[in-house]
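>
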Amino acid sequence: MNPSRNQKHFIDVLFTLGLLCVFAASALAVVLIGAHVYKTTAADMDANYTTRTSLSYIAEKVRQHDESGSIFLGKVEDRDALIFLETIEDKEYATYIYEDEGYLKELFTQKEKEPKKSQGESILEVTDFTIQEASKGLFRFTAADRQKHSLSLLIHVQSE
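In this text, residue positions in the sequence shown follow our numbering: the first is 1187, and each later residue adds one.
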């Protein structure tokens, strides 16, 4: 029997504890990095959702109402608005899309009634929403999210 083989050294215990601490620190670092990446990705996806969805919503509304003379710019009180006109059972109606209090809003009412911006239904949260007519029948919509990432959409009315 060799007595030196059964003898434990302090350095062996210290090495094992050191290795365990390095493993624990590495695991914690990986978890913290992963949490940061997830948080950043989730925030970007949320911002991307609001801006892209709001612009897609407007593009679809333009396509639905693309008839000669039925789409134009106007105002809802002090706000720029995109206005869609349509006739339902011999009555004229107007749909207004505009930004108010940080939300994209839609208001559907009879054409002869004066629209109030507070009456609109909130659709999505947007900031810095603008509507411009770049040229006859060509509209530019710009929307930004809370982080001020901005996207624009150019859409041409086919029936003009």
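Even for Gly, the Cβ is constructed at its ideal location relative to N, Cα and C.
Here the structure is a predicted model, which is why all the values come from computation and not from measurement.
Contact between the stretch 1316 to 1335 and the stretch 1227 to 1244 is defined here as three or more beta-carbon pairs at a separation below 8 Å; is this criterion met?
Yes, the stretch 1316 to 1335 touches the stretch 1227 to 1244.
> When the Cα atoms are used, what is the spatial distance from T1202 to F1209?
For this step, residue 1202 is matched to residue 16 along the sequence shown. For this step, residue 1209 is matched to residue 23 along the sequence shown. Distance between the alpha carbons of T1202 and F1209: 11 Å.
> Who are G1260's beta bridge partners in DSSP?
Locating residue 1260 in the sequence shown gives position 74, where the first residue counts as 1. G1260 is bridged to A1267.
> With distances taken Cα to Cα, identify the nearest neighbour of I1283 among I1219, L1324, T1295.
Position 97 of the sequence shown holds residue 1283. Residue T1295 is the option with its Cα nearest to I1283.
> Please classify V1216 as buried or exposed, where buried requires at least 16 neighbouring CB atoms within 10 angstroms.
Locating residue 1216 in the sequence shown gives position 30, where the first residue counts as 1. It is exposed - the Cβ of V1216 has fewer than 16 other Cβ atoms within 10 Å.
> List the endpoints of the continuous alpha helix (DSSP H) containing R1238.
Locating residue 1238 in the sequence shown gives position 52, where the first residue counts as 1. Its alpha helix (DSSP H) spans residues 1196 to 1250.
> Report buried or exposed for K1291, applying the criterion of at least 16 other Cβ atoms within 10 angstroms of its Cβ.
Here residue 1291 is taken as the residue at index 105 of the sequence shown, counted from 1. The residue is buried, with at least 16 neighbouring Cβ atoms inside 10 Å.
> Tell me whether R1254 sits in a helix, a strand or coil according to DSSP, three-state version.
Position 68 of the sequence shown, counting from 1, holds the residue named residue 1254. Position check: residue 1254 holds Ser in this sequence, whereas Arg was assumed. Coil at S1254, not helix or strand.
> What span of residues does the beta strand (DSSP E) with E1307 cover, start to end?
Translated into the one-based positions of the sequence shown, residue 1307 becomes position 121. Where E1307 is concerned, the enclosing beta strand (DSSP E) stretches over 1307 to 1311.
> For my contact list, A1330 and T1237 are in at a C-beta cut-off of 8 Å; report their separation, rounded to the angstrom.
Here residue 1330 is taken as the residue at index 144 of the sequence shown, counted from 1. Here residue 1237 is taken as the residue at index 51 of the sequence shown, counted from 1. Their Cβ separation, rounded to whole angstroms, is 7 Å, which keeps A1330 and T1237 in contact under 8 Å.
> Exposed or buried, what is D1264 when buried is set at 16 or more other beta-carbons lying within 10 Å of its beta-carbon?
For the purposes of this step, residue 1264 is identified with residue 78 of the sequence shown, where counting begins at 1. Flag for D1264 reads exposed.
> Leaving aside the five residues before and after L1286 along the sequence, list all residues of the same chain whose C-beta is less than 7 Å from its C-beta, in chain order.
Counted from its first residue, the sequence shown places residue 1286 at position 100. First, the residue type needs correcting, since residue 1286 is Asp and not Leu in the sequence shown. Excluding positions up to five away in sequence, the list reads R1265, K1303, G1306.
> Give the single residue among A1211, A1221, L1206, L1241 whose Cα lies nearest to the Cα of L1310.
Taking the sequence shown and counting its residues from 1, one reaches residue 1310 at position 124. Comparing Cα-Cα distances from L1310 to each of A1211, A1221, L1206, L1241, the minimum goes to L1241.
> Using 10 angstroms around the beta-carbon of V1199, count the other beta-carbons present and answer buried if the total reaches 16, otherwise exposed.
Translated into positions along the sequence shown, residue 1199 becomes position 13. Looking at its Cβ environment, which holds fewer than 16 other Cβ atoms inside 10 Å, V1199 is exposed.
> How is K1297 classed by DSSP in three states: helix, strand or coil?
In the sequence shown, residue 1297 corresponds to position 111, counting from 1. Looking at K1297 - three-state DSSP - the assignment turns out to be coil, as it is neither helix nor strand.
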